[in-house]
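Going from the sequence shown to the numbering used here is simple: count from 1 and add 278.
The structure under discussion appears below in the form of structure tokens.
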Amino acid sequence: MRWIGRLALLLVLLAVIAAGGAWWVYARVQQPYRDAAAAETFVEIPAGFGPAGIGARLVEAGVVQDAWTFRAAVIVSGRARELKAGEYRFDAPMSALDVVGKIARGDVFKRMLTFREGLTIGEMAAVFEQRGFGRGADFVAAAQNTSLIHDLDPAARDLEGYLFPETYALPRNTPAAEVVAQMVAGFKKAFDAELRTAAAADGLTVRQVVTLASLVEKETGSGDERPLVAAVYRNRMRIRMGMQADPTVIYALQKAGQYDGNLSRADLQFDSPYNTYRYAGLPPGPIAAPGRASLAATVKPAAVDYLYFVSRNDGTHVFASNLADHNRNVQTWQVQFFRDKRARERGSR
């Protein structure tokens with residue numbers, strides 16, 4: 279029966295070898311590794327790539343030691359079917375098992391895309407392209423998808439005013455259409471049930487609110503003034519007085535490709551339905567993207583009877599309830615102010 283003892287010894291030896299091999303594999307896939315000169319490494323994994331293709335890219339980038347180690351980590355993790363496409367950032371040594379976990383979770387690197395308040399679709403498109411997310415033309419095309427806002431504004435001809443201005447964390451290759459969809463969702467979240475209810479109580483449509491809010495956004499950057507500016511336009515609207523808002527003329531000129539950065543008296547006669555000096559009432563739609571503060575101020579304006587305001591030339595304004603007071607303010611803060619400024623400049627030469 280000596281052969282039985284030898285067989286048992288062989289089986290024990292094979293078990294020891296197998297256990298040692300398994301331990302070695304497990305230790306290998308858990309050992310941190312990084313072989314990249316740069317402080318951070320980005321690896322783009324295209325859709326449809328399997329473990330072999332993903333491993334090859336990671337090895338080439340110096341994120342994992344070799345394809346065998348990555349393959350072993352995938353097998354040990356049991357997550358071969360969970361690996362996700364996207365751009366991944368690596369800035370420190372990681373074990374192959376941790377790398378697999380990162381990709382299986384879809385922990386893609388996200389870039390910040392910030393749109394400030396008061397931008398038009400065209401200006402947002404320029405930001406989109408400058409930040410490397412894609413072509414501005416694609417953003418403009420996506421912003422024509424009015425189905426995204428049809429539930430709130432069935433008459434919308436584009437998404438001007440409905441692309442909410444804030445900072446979005448996005449994978450680098452996020453399509454323009456997806457960015458636009460997120461921005462419309464941001465608007466709907468900001469223009470919440472409370473504001474919608476208040477607007478409806480005052481007989482305002484969503485389009486009227488957003489159009490008025492876009493005027494407020496363009497006229498002042500002061501939080502304290504937004505309810506005052508909103509009150510001026512709401513008061514004018516109530517008594518059917520012309521809006522006479524310079525930003526609407528600028529927007530009209532921009533749409534026509536004729537704005538050079540300066541607004542002249544002659545421009546106030548430019549023939550466009552957006553020119554509120556020539557056409558009474560609100561313009562056909564929003565002229566920019568208002569933030570939540572301007573939306574809230576429009577729905578809940580200050581309880582004042584102001585009909586006019588003029589710039590103090592420092593970002594704030596002087597308000598008046600009648601034309602006589604307004605003319606005096608214009609004389610002080612526009613005519614005399616710039617007359618004195620020119621005199622000081624001549625005196626300093």
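We treat Cβ as the ideally placed atom computed from N, Cα and C, and that holds for glycine.
CB of residue i within 9 Å of CB of residue j, strictly
i: MET461; j: PHE368; result: no
i: ALA477; j: ALA575; result: no
i: LEU560; j: LEU585; result: no
i: ALA350; j: VAL377; result: no
i: ASP431; j: ARG485; result: yes
i: ALA468; j: ARG570; result: yes
i: MET372; j: ARG335; result: no
i: GLY400; j: PRO568; result: no
i: PHE406; j: ALA374; result: no
i: THR554; j: THR526; result: yes
i: ALA421; j: LEU437; result: yes
i: VAL628; j: LEU506; result: Nothing about residue 628 can be read from this structure; the chain reaches only from 279 to 627.
i: ALA330; j: ALA345; result: yes
i: GLY333; j: VAL352; result: yes
Burial state of residue i, where buried means 16 or more other Cβ atoms lie within 10 Å
i: LYS496; result: buried
i: PRO443; result: buried
i: ALA598; result: buried
i: ARG620; result: exposed
i: HIS428; result: exposed
i: ARG606; result: exposed
i: THR594; result: exposed
i: VAL341; result: buried
i: ALA403; result: buried
i: THR483; result: exposed
i: THR475; result: exposed
i: GLU472; result: exposed
i: ARG512; result: buried
i: ASP470; result: exposed
i: ALA434; result: buried
i: SER572; result: buried
i: VAL613; result: exposed
i: ARG543; result: exposed
i: ARG617; result: exposed
i: GLY414; result: buried
Option in the options with minimal Cα separation from residue i
i: ASP416; options: THR445, GLY539, ALA454; result: ALA454
i: GLN609; options: VAL588, GLY593, ARG620; result: VAL588
i: GLY412; options: PHE348, GLU456, ARG474, GLY464; result: GLU456
i: ALA566; options: ASP603, GLY593, THR489; result: THR489
i: PRO324; options: ASP502, LEU482, TYR511, PRO449; result: PRO449
i: LEU391; options: TYR446, LEU361, THR554; result: TYR446
i: GLU338; options: GLY328, PHE320, VAL354; result: PHE320
i: SER492; options: ALA523, ALA316, ALA558; result: ALA523
i: GLU318; options: ALA479, TYR557, ALA370; result: ALA370
i: GLY356; options: LEU441, LEU573, ILE381; result: ILE381
i: GLU360; options: GLY328, THR424, GLN343; result: GLY328
i: VAL510; options: ALA434, ALA314, HIS604, GLY414; result: HIS604
i: GLY501; options: ALA345, GLY326, PRO579, ALA316; result: PRO579
i: ASN423; options: VAL458, ALA479, GLY563, GLU395; result: VAL458
i: ARG516; options: ARG504, ALA558, PRO310, GLY539; result: ALA558
i: LEU546; options: GLN309, GLN614, ARG556; result: ARG556
i: ASN451; options: LEU441, ARG409, SER425, GLY396; result: ARG409
i: GLN309; options: GLY326, GLN343, ALA316; result: GLN343
i: VAL596; options: GLY414, PHE465, GLU503, MET521; result: GLU503
i: GLU395; options: TYR537, VAL494, ASP592, GLY520; result: VAL494
i: LEU441; options: ARG617, ALA316, PRO564, TRP611; result: PRO564
i: LEU426; options: PHE465, GLY539, GLY414; result: PHE465
i: PRO521; options: PRO562, GLY481, TYR537; result: According to the sequence as given, residue 521 is Met; it is not Pro. Nearest C-alpha to MET521: PRO562.
Tell me the start and end of each unbroken beta strand (DSSP E) in the region 324-378 that is at least 3 residues and wholly inside, in chain order. 364-368
Contained alpha helix (DSSP H) runs [length at least 4] in the region 550-591, N- to C-terminal order: 570-577
Flag this pair as touching only if the region 523-535 and the region 549-557 have three or more C-beta atom pairs under 8 Å; answer yes or no. yes
Using a Cβ distance threshold of 8 Å, determine whether the region 384-392 contacts the region 357-367, with at least three qualifying pairs required. yes
Could I get the ranges of all uninterrupted alpha helix (DSSP H) runs contained in the region 471-537, with 4 residues as the minimum, in chain order? 471-479, 484-497, 504-516, 524-533
I'd like the ranges of any beta strand (DSSP E) spanning at least 3 consecutive residues and lying wholly in the region 374-445. 388-392
Mind listing, in chain order, the continuous alpha helix (DSSP H) runs of no fewer than 4 residues lying wholly within the region 445-471? 454-468
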